[in-house]
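Asker:
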Amino acid sequence: MKSLAELSAIRDRMKGQVGSRSHDLTGTKIVVGMATCGIAAGARPVLNAFVELTAASGKTDVTVSQTGCIGICQYEPVVEVLEPGKEKVTYVKMTADKAKRVFDEHIVGGKVVTEYTIGSNAK
Amino acid sequence: MRQLSENILDITMNSVRAGASLISVILTEDPPMLTITIADNGCGMTAEFLEKVVDPFCTTRTTRKVGLGIPFFKMEAEQTGGSFSIESTPNVGTTVTASFDQSSIDALPLGDMPETVMTLISSGPDRDFLFLHARPQEEIRLDTRELRGQLGDLPLDTPEVLLWVRDYLREQYGENDPDRSVPNQS
Ligand SMILES: Nc1ncnc2c1ncn2[C@@H]1O[C@H](COP(=O)(O)OP(=O)(O)OP(=O)(O)O)[C@@H](O)[C@H]1O
Ligand SMILES: [Mg+2]
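Order-wise, the sequence lines are chains A and B. With positions in the first sequence counted from 1, the corresponding number in this note's numbering is that position plus 135. With positions in the second sequence counted from 1, the corresponding number in this note's numbering is that position plus 122.
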């Protein structure tokens, strides 16, 4: 059975790590579009996948957050990756499987998955 | 949407965008009816605006000319033979209530509520959610205010905490068997 006490254990475990996650810092931000258009296209499992991948990686400089409609509804689910000092990368028509590749190759590996970006998908 | 839980996520995201600090999402089952109540203490709407809000051309967003969430939710409830209502007071908050006849052929499956609650909490660390699902045999409940004592200064939207919330709810829904994938997924 899961208990509230497990949360204290999570807190203690996170405390022991260098550079705790916070929102106002220098790390990588993964932002998932979560308006009606995004949700209807399947944004929820994409966000879920990024949360799982981030927790599993132990990377404390990565945050997962969400935004509303950015006006490109036909490309939803849309995910933006923001890294300090780099240009924003916009991934389109995302799925949980594509999220895994983006996480491994871009977030961890530092190499943009060009074929999923808006530039490669624009009609 | 393929799941009612995705509709619930969408309507509750309106409360998030309205700047609410406390949002309750309450599901009450009285078979075959399922009533969903989403209440927030956000910015609210004037009576005049509220009248237009069920019209799919009403939005305060600037990125797109039409708002779809509320008209969609209303239509889906009414298609099952259920009902929809919305009440709002400026600077006080908004309550959306919709009932669905789950025996209707037009009814969507509820789907993955744990993932919806997790997604809502990931919208920011300072907002609280009360989630209640009163089922015929048991009550599933999560109140983020009760988690904060355990978390200390660890933010509520930390990925490890979000996964704990999801798995805690999955367990209450009886989905804790690791060999079983989450049901109702399309
Ligand atoms: N809980 C709420 N509190 C305050 N205002 C709200 C609330 N819910 C809806 N509104 C207002 O009603 C408008 C219409 O909402 P609706 O969900 O239909 O569309 P939207 O959120 O603008 O766009 P979409 O849902 O299609 O992404 C919103 O833009 C907002 O101004
Ligand atoms: Mg909306």
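Positions of the beta carbon are idealized from the N, C-alpha and C atoms, including for glycine. All values derive from a computational prediction rather than experimental measurement.
Using 8 Å as the limit for Cβ to Cβ distance, is Arg-302(B) near chain A?
Answerer: Residue confidence for Arg-302(B) is low, a pLDDT of 47 falling below 50, so the modelled location carries little weight; the figure read from the coordinates is stated next. With 8 Å as the cut-off, Arg-302(B) does not count as an interface residue toward chain A.
Asker: Provide the residue(s) that pair with Tyr-226(A) in DSSP beta bridges, ordered along the chain.
Answerer: Val-214(A), Thr-252(A).
Asker: Is the beta carbon of Gly-166(B) closer than 8 Å to that of Leu-211(B)?
Answerer: It is Thr, not Leu, that sits at residue 211(B) in the sequence shown. Cβ distance < 8 Å, so Thr-211(B) and Gly-166(B) count as in contact.
Asker: Apart from the five residues on each side of it in sequence, which residues of its chain come closer than 6 Å, Cβ to Cβ, to Gln-307(B)?
Answerer: Interpretation of Gln-307(B) is limited by its pLDDT of 45, a score under 50 that renders its predicted location unreliable; no figure is taken from the coordinates.
Asker: Closest by CA to Ile-208(B), which one among Tyr-290(B), Pro-236(B), Thr-266(B), Ile-158(B)?
Answerer: Per the Cα distances, Ile-158(B).
Asker: Between Gln-272(B) and chain A, is any beta-carbon pair separated by less than 8 Å?
Answerer: It does: the Cβ of Gln-272(B) has a partner Cβ on chain A nearer than 8 Å.
Asker: Under a Cβ-count criterion, where at least 16 other Cβ atoms within 10 Å of its own Cβ denotes burial, should Gly-168(A) be classed as buried or exposed?
Answerer: Buried, by the Cβ-count rule.
Asker: Is Met-167(B) near ligand 1 - that is, is its Cβ less than 7 Å away from at least one heavy atom of it?
Answerer: Yes - ligand 1 has a heavy atom lying nearer than 7 Å to the Cβ of Met-167(B).
Asker: Check the DSSP bridge columns for Thr-216(B) and list the partner residues they point to.
Answerer: Partner(s): Asp-162(B), Ser-210(B).
Asker: Considering only residues of the stretch 161-199 of chain A, which uninterrupted alpha helix (DSSP H) runs meet the minimum length of 4 residues and lie entirely inside it, listed in chain order?
Answerer: With a minimum length of 4 residues, the continuous alpha helix (DSSP H) runs that stay inside the stretch 161-199 of chain A are 171-176, 178-192.
Asker: If you measure between the beta carbons of Asp-132(B) and Gly-204(B), is that distance less than 8 Å?
Answerer: Going by C-beta atoms, Asp-132(B) is not nearer than 8 Å to Gly-204(B).
Asker: Taking 7 Å as the cut-off, does the CB of Asn-136(B) come closer than this to any heavy atom belonging to ligand 1?
Answerer: Because some heavy atom of ligand 1 lies under 7 Å away, the Cβ of Asn-136(B) counts as near it: yes.
Asker: Identify the residues that DSSP records as bridge partners of Val-147(B): which are they?
Answerer: Beta-bridge pairing links Val-147(B) to Ile-160(B), Phe-253(B).
Asker: Flag Gly-191(B) as yes if its beta-carbon sits less than 8 Å from any beta-carbon of chain A, otherwise no.
Answerer: Output row for Gly-191(B): interface = yes.
Asker: At the 8 Å Cβ level, is Leu-142(A) part of the contact set with chain B, yes or no?
Answerer: Yes, Leu-142(A) lies at the interface with chain B (some Cβ there is under 8 Å from its Cβ).
Asker: When the Cβ atoms of the stretch 129-149 of chain B are set against those of the stretch 248-256 of chain B, are three or more pairs found closer than 8 Å?
Answerer: The answer is yes - the stretch 248-256 of chain B touches the stretch 129-149 of chain B, with three or more Cβ pairs under 8 Å.
Asker: Could you check which residue in Val-214(B), Gly-189(B), Thr-184(B), Gln-224(B) has the C-alpha nearest to that of Thr-202(B)?
Answerer: It is Gln-224(B).
Asker: Go through its chain and collect everything with a Cβ distance to Asn-213(B)'s Cβ below 7 Å, but skip five positions before and after it.
Answerer: Here the set comprises Cys-165, Gly-166.
Asker: Using 8 Å as the limit for Cβ to Cβ distance, is Thr-317(B) near chain A?
Answerer: This structure leaves residue 317(B) out entirely; chain B is present only between 123 and 308.
Asker: For a contact meaning CB atoms closer than 9 Å, what does Pro-153(B) contact in chain A?
Answerer: Under the 9 Å cutoff, chain A gives no residues; its nearest Cβ is about 26 Å from Pro-153(B).
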